[in-house]
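Protein chains in written order, with the working numbering: chain A, 447 to 560; chain B, 14 to 124. Yeah, the Cβ is synthetic: ideal placement off N, Cα and C, and Gly gets one too. Nothing here was measured: the structure is a model prediction, and the numbers come from that model. Everything on this sheet refers to the single structure shown next.
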Amino acid sequence: AQSVDQPDAHVTLYEGASLELRCSYSYSAAPYLFWYVQYPGQSLQFLLKYITGDAVVKGTKGFEAEFRKSNSSFNLKKSPAHWSDSAKYFCALEGSGTGSKLSFGKGAKLTVSP
Amino acid sequence: EAAVTQSPRSKVAVTGGKVTLSCHQTNNHDYMYWYRQDTGHGLRLIHYSYVADSTEKGDIPDGYKASRPSQENFSLILELASLSQTAVYFCASSPRNTEVFFGKGTRLTVV
């Protein structure tokens, strides 16, 4: 079984602050991890992925994420945050076997105030 | 650019009626997915497929069927639509272990 947990449903901060969105996962083998962003009324867009290698991965829009096997986490970070970063962010996990599914967390709604 | 096209984009269905949501990709991706999005639940996987003519159950398959007659097409079928199936449905495709490309979504309202 696999699962993704995003414990913070809503995150609010001021522009210029550092943002960190938490993601933890449960999976028995090496996971493939992703972050996606959804702007209001739109579909999901890819931000970044971790497959293997360096624990810190960089993605689009200035975001990066750190994979920590020790505590099964894959937190998304950006500094400084901009008001245009306001959106809903989803962490996702894909299993490593052929035919494995892609599971998403419930998402975190980020609001960045000017 | 990778493209995933969903149709219809919006639909109102009657309780007990049959609904078919269609998805077409031009990416030649092996994997295709159907998710539903509800407030408070994020994206939940209904069915997926990693090869034509074969489908797999996701996390919430009850009340839904899926069909993948070709590499490009993946349909989601609600044989007896119910009020609880009102949601936004997203189709997606992927070559695996990399970016998933999403369609624009279908807003389904069951009345």
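So, is the C-beta of residue i closer than 7 Å to a C-beta in chain A?
i: B:Gly-118; result: yes
i: B:Leu-91; result: no
i: B:Tyr-77; result: no
i: B:Asn-110; result: yes
i: B:Leu-121; result: no
i: B:Phe-87; result: no
i: B:Tyr-102; result: no
i: B:Leu-34; result: no
i: B:Leu-96; result: no
i: B:Gly-153; result: Nothing can be reported for residue 153 of chain B: it is not among the residues displayed for chain B, which extend from 14 to 124.
Which residues does DSSP pair with residue i in a beta bridge?
i: B:Asn-40; result: Answer by DSSP bridge pairing: none, since B:Asn-40 is not bridged.
i: B:Leu-56; result: B:Gln-50
i: A:Trp-481; result: A:Leu-494 and A:Cys-537
i: A:His-456; result: A:Lys-555
i: B:Lys-78; result: B:Ile-90
Using a Cβ cut-off of 7 Å (strictly closer), state whether residue i contacts chain B.
i: A:Lys-547; result: yes
i: A:Ser-489; result: yes
i: A:Lys-552; result: yes
i: A:Tyr-478; result: yes
i: A:Phe-509; result: no
i: A:Phe-513; result: no
i: A:Phe-492; result: yes
Consult DSSP for residue i and reduce its assignment to one of helix, strand or coil.
i: A:Asn-517; result: helix
i: A:Thr-506; result: helix
i: B:Leu-93; result: coil
i: B:Gln-50; result: strand
i: A:Asp-451; result: strand
i: A:Ser-542; result: coil
i: B:Gln-19; result: strand
i: B:Ser-83; result: coil
i: A:Ser-474; result: coil
i: A:Ser-525; result: coil
i: A:Ser-489; result: coil
i: B:Ser-107; result: strand
i: A:Ser-549; result: strand
Since residue i and residue j should fall inside the 8 Å C-beta cutoff, what is the C-beta to C-beta distance between them, to a whole number of angstroms?
i: A:Gly-541; j: A:Tyr-473; result: 7 Å
i: A:Lys-504; j: A:Leu-494; result: 7 Å
What number of angstroms, rounded off, separates the C-alpha of residue i from the C-alpha of residue j?
i: A:Lys-507; j: A:Ser-530; result: 10 Å
i: A:Phe-536; j: A:Tyr-471; result: 12 Å
i: A:Asp-454; j: A:Ala-554; result: 6 Å
i: A:Leu-465; j: A:Phe-520; result: 14 Å
i: A:Leu-548; j: B:Leu-58; result: 8 Å
i: A:Ser-559; j: A:Lys-523; result: 17 Å
i: A:Ser-516; j: B:Val-32; result: 45 Å
i: B:Asp-72; j: A:Ser-449; result: 10 Å
i: A:Lys-552; j: B:His-54; result: 5 Å
i: A:Asp-500; j: A:Phe-513; result: 8 Å
i: B:Lys-24; j: B:Tyr-48; result: 16 Å
i: A:Ala-527; j: B:Leu-96; result: 40 Å
i: A:Leu-479; j: B:Thr-111; result: 9 Å
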